[in-house]
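Peer 1:
Residue numbers (this note's numbering): 1 to 286.
Here is the structure:
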């Protein structure tokens, strides 16, 4: 069709397309019927649009056409706790909450954008803020359609500088952030908001301690499901010694050392991986 090259916008950059004229943009619904909206029971989005942009070369009349399918969705998360002697790596998996119908055969790309995962405690203070896709110890980046982010929290920091043996209620959510990543803006629309209790795993000593050899009975308060590995470190050792794994929250340790010949004996409790639950562990010195 004829076009008015005096009123239509022209490309300025890049130079190779300078002078091309933008003819317009069109959108279309890919469904036979005019489906729209979201189905939260099946986590399906019907807000899907095929977008077409078209330019024409004013010199030779050649046309460039760009097509893209846009799926409107929002973010969901799953949180894992991966533990070692000194702390917990909080791993956040981000994925799209609402997916297109299977019959459209659309493979979702991983989420992206200037978004941070922010955890607020019960006093509305920020415990951590991590840009989506960044992290520690290799727990970051993209894995298929999932974006992995992480942060490391030390047990002694959570215990002595933050929450002692009380814990706190965490609200973990997605927030838009300013381009430089410093300022937290508003929450991402309809994205997951996960409320979890950050709990201390407290090893209570039951009864008397035998020193030669060492024998101690513990009862673990707030123990998550799964195994707990136990390590010890002597006062003059640089490394730790693995003792064993235990399923019960009532544990009796028998260690073939003479405590009377030692200054300090540290005992560490390392939970197995948790999902949507985070604990911090108070070490024991005897």
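Just so you know, even glycine gets a beta-carbon here, dropped at the ideal spot from N, CA and C.
Count Cβ pairs between the stretch 190-204 and the stretch 216-229 that sit closer than 8 Å; are there 3 or more?
Peer 2: Yes, they touch.
Peer 1: Touching or not, the stretch 109-121 and the stretch 164-177, by the rule of three or more beta carbon pairs under 8 Å?
Peer 2: Verdict: yes, contact present.
Peer 1: Starting from residue 149, trace the beta strand (DSSP E) in both directions and tell me its first and last residue.
Peer 2: Along the chain shown, read from residue 1 onward, the residue named residue 149 stands at position 149. It spans 146-154 - the beta strand (DSSP E) in which residue 149 sits, taken as one unbroken run.
Peer 1: Please name the residue in 263, 248 and 244 whose C-alpha comes closest to that of residue 255.
Peer 2: By 1-based counting over the chain shown, the position of residue 255 is 255. Here the closest residue by C-alpha is 244.
Peer 1: Measuring alpha carbon to alpha carbon, tell me which of 49, 45, 150 and 167 ends up nearest residue 364.
Peer 2: In the structure displayed, the chain extends from 1 to 286; residue 364 sits before or after that span and is not available.
Peer 1: Going by DSSP in three states, residue 162 sits in which element: helix, strand or coil?
Peer 2: Position 162 of the chain shown, counting from 1, holds the residue named residue 162. Residue 162 falls in the helix class under three-state DSSP.
Peer 1: I'd like to know if the stretch 134-153 and the stretch 40-56 are in contact, where contact means that at least 3 CB-CB pairs between them fall below 8 Å.
Peer 2: Because the criterion of three Cβ pairs below 8 Å is not met, the stretch 134-153 and the stretch 40-56 do not touch.
Peer 1: Quick one: using the 10 Å Cβ neighbour count with 16 as the cut-off for buried, is residue 259 buried or exposed?
Peer 2: Here residue 259 refers to the residue found at position 259 of the chain shown. Residue 259 should be labelled buried.
Peer 1: When we look at the beta-carbon of residue 185 and count the other beta-carbons within 10 Å, is it buried (16 or more) or exposed?
Peer 2: Here residue 185 refers to the residue found at position 185 of the chain shown. Looking at its Cβ environment, which holds fewer than 16 other Cβ atoms inside 10 Å, residue 185 is exposed.
Peer 1: Does DSSP classify residue 208 as helix, strand or coil?
Peer 2: Along the chain shown, read from residue 1 onward, the residue named residue 208 stands at position 208. The answer is strand: DSSP assigns residue 208 an E or B state.
Peer 1: Excluding sequence positions up to five away, which residues of its chain have a Cβ less than 8 Å from the Cβ of residue 25?
Peer 2: Along the chain shown, read from residue 1 onward, the residue named residue 25 stands at position 25. Counting only Cβ-Cβ distances below 8 Å, and skipping sequence neighbours, we find 51, 52, 53 and 54.
Peer 1: Give the secondary structure of residue 97 by DSSP, where H, G and I count as helix, E and B as strand, and everything else as coil.
Peer 2: Here residue 97 refers to the residue found at position 97 of the chain shown. Coil, per DSSP.
Peer 1: Among residues of its own chain, excluding the 5 on either side of residue 204, which ones have a beta-carbon nearer than 8 Å to its beta-carbon?
Peer 2: By one-based count along the chain shown, residue 204 stands at place 204. Once the five neighbours on either side are set aside, the close Cβ partners of residue 204 are 218, 219, 220 and 221.
Peer 1: Once the 5 residues before and after residue 287 are set aside, which same chain residues still bring their CB inside 6 Å of it?
Peer 2: A query on residue 287 cannot be resolved here, the shown segment of the chain reaching from 1 to 286 and no further.
Peer 1: When you compare only the Cα positions, how much space is there between residue 227 and residue 282?
Peer 2: Counted from its first residue, the chain shown places residue 227 at position 227. Counted from its first residue, the chain shown places residue 282 at position 282. Spanning the two alpha carbons is a distance of roughly 17 Å.
Peer 1: Quick one: is residue 63 buried, meaning 16 or more other Cβ sit within 10 Å of its Cβ, or exposed?
Peer 2: Here residue 63 refers to the residue found at position 63 when the chain shown is read from its first residue. Exposed, because fewer than 16 other Cβ atoms sit within 10 Å of the Cβ of residue 63.
Peer 1: Could you compute how far the alpha carbon of residue 251 sits from the alpha carbon of residue 177?
Peer 2: Reading the chain shown from its first residue, position 251 is the one you call residue 251. Reading the chain shown from its first residue, position 177 is the one you call residue 177. Rounded to the nearest angstrom, the two C-alpha atoms are 46 Å apart.
Peer 1: Spatial neighbours of residue 212 within its chain, please: C-beta separation below 7 Å, excluding the five flanking residues on both sides.
Peer 2: Residue numbering aside, residue 212 sits at position 212 when the chain shown is read from its first letter. Within the same chain, residue 212 has close Cβ partners 258, 259 and 260.
Peer 1: Pick from 208, 69 and 165: whose alpha carbon is nearest that of residue 108?
Peer 2: Residue numbering aside, residue 108 sits at position 108 when the chain shown is read from its first letter. Looking at the Cα atoms, 69 is the closest of the given residues.
Peer 1: Compute the beta-carbon to beta-carbon distance between residue 59 and residue 101, rounded to the nearest angstrom, for a pair I have assumed lies under 8 Å.
Peer 2: Locating residue 59 in the chain shown gives position 59, counting from the first residue. Locating residue 101 in the chain shown gives position 101, counting from the first residue. Not really, about 43 Å apart at Cβ, beyond 8 Å.
Peer 1: Quick one: grab the DSSP three-state call for residue 261.
Peer 2: As a working note, residue 261 is residue 261 in the chain shown. Correct three-state label for residue 261: helix.
Peer 1: Tell me the rounded alpha-carbon separation between residue 265 and residue 230.
Peer 2: The count along the chain shown starts at 1 and reaches residue 265 at position 265. The count along the chain shown starts at 1 and reaches residue 230 at position 230. C-alpha separation (whole angstroms): 13 Å.
Peer 1: Is residue 104 helix, strand or coil by DSSP?
Peer 2: Residue numbering aside, residue 104 sits at position 104 when the chain shown is read from its first letter. Helix.
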